[in-house]
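Oh and the sequence shown: position 129 is 129 in UniProt numbering, straight run, nothing missing. Note that CB positions come from ideal geometry on N, CA and C, so glycine has one too. Predicted model, so just to flag it, every value in this text is computed and none were measured. Remarks on the structure that follows.
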Amino acid sequence: MIEIPSDLHKDLVPLAFLLGNWAGAGVHDFPGAEKCNFGQEVTFTHDGRDFLEYSSHTWVLDGDGNKVRPLESEHGFWRIDADRKVEVTMTRDDGVIEIWYGELAHQKPQIDLVTDAVARTAASGPYNGGKRLYGYVKSDLMWVGEKQTPEVELRPYMSAHLKKVVTPEEVERWAKALPDDMPDDGIAFFK
């Protein structure tokens, strides 16, 4: 369910499907790095201004799905203009700062992004840029990232399938919003 908060800046309504806390798992595979399954937590929040604040944490999973160690973390800010053009500023824990530009697809919750500028600290590894695709599919958030280095052509390196994390407070709020004339047995509602 996509909920549009009443205090969401009007320009951000097209990005409302991103809002909330998301968790799930994915695959990491890039030459020169460990191939692994990973867990991920993503948060998109807002404070009434014209941007979404973004935070992502990933960690390596073992064969049983247990956390082994951190993989990547990134933080940033997402904006959208009246022409559905999306801009993202992002800082990653490996010393890379990026500016991404893209577009929200017409009549579907899908965002294609491409790096426009990359700055790296002396401690960061080689990185030239990348692409990302985010999509809201059947109430889930899915994404795939591609990256390029001086040695490796642009190729997919991470993808994940995330589910919305629902808090007990949200469940209580939704329950209070149910109509008073719901059938007592709950089954008739689905007929």
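- Cβ-Cβ distances below 8 Å link Arg-49 to His-9 in the same chain, with the five nearest sequence neighbours on each side left out; the list follows chain order.
- By the neighbour-count criterion, in which 16 or more other beta carbons inside 10 Å mark a residue as buried, Gln-40 falls on the buried side.
- With the rule of 3 Cβ pairs closer than 8 Å, the stretch 96-106 counts as touching the stretch 114-121.
- Only residues of its own chain outside the window of five on either side were considered, and among them Phe-77, Trp-78 and Arg-79 have a CB closer than 7 Å to the CB of Phe-51, listed in chain order.
- Distance between Phe-44 and Val-165, taken at the CA atoms: about 12 Å.
- For Asp-140, the enclosing beta strand (DSSP E) begins and ends at 140-148.
- Partner residues in the beta bridge of Asp-112, as assigned by DSSP, are Glu-103 and Leu-133.
- The residue among Gln-148, Met-158, Val-137 and Asp-83 with its C-alpha nearest the C-alpha of Pro-14 is Asp-83.
- In chain order, Pro-126, Tyr-127 and Asn-128 place their CB closer than 7 Å to the CB of Thr-149, counting only its own chain and leaving out the 5 sequence neighbours on each side.
- Close CB contacts of Pro-31 within its chain, under the 8 Å cut and outside five residues either way in sequence, are with Glu-151 and Val-152 (chain order).
- Just so you know, the alpha carbons of Leu-18 and Leu-141 end up roughly 8 Å apart.
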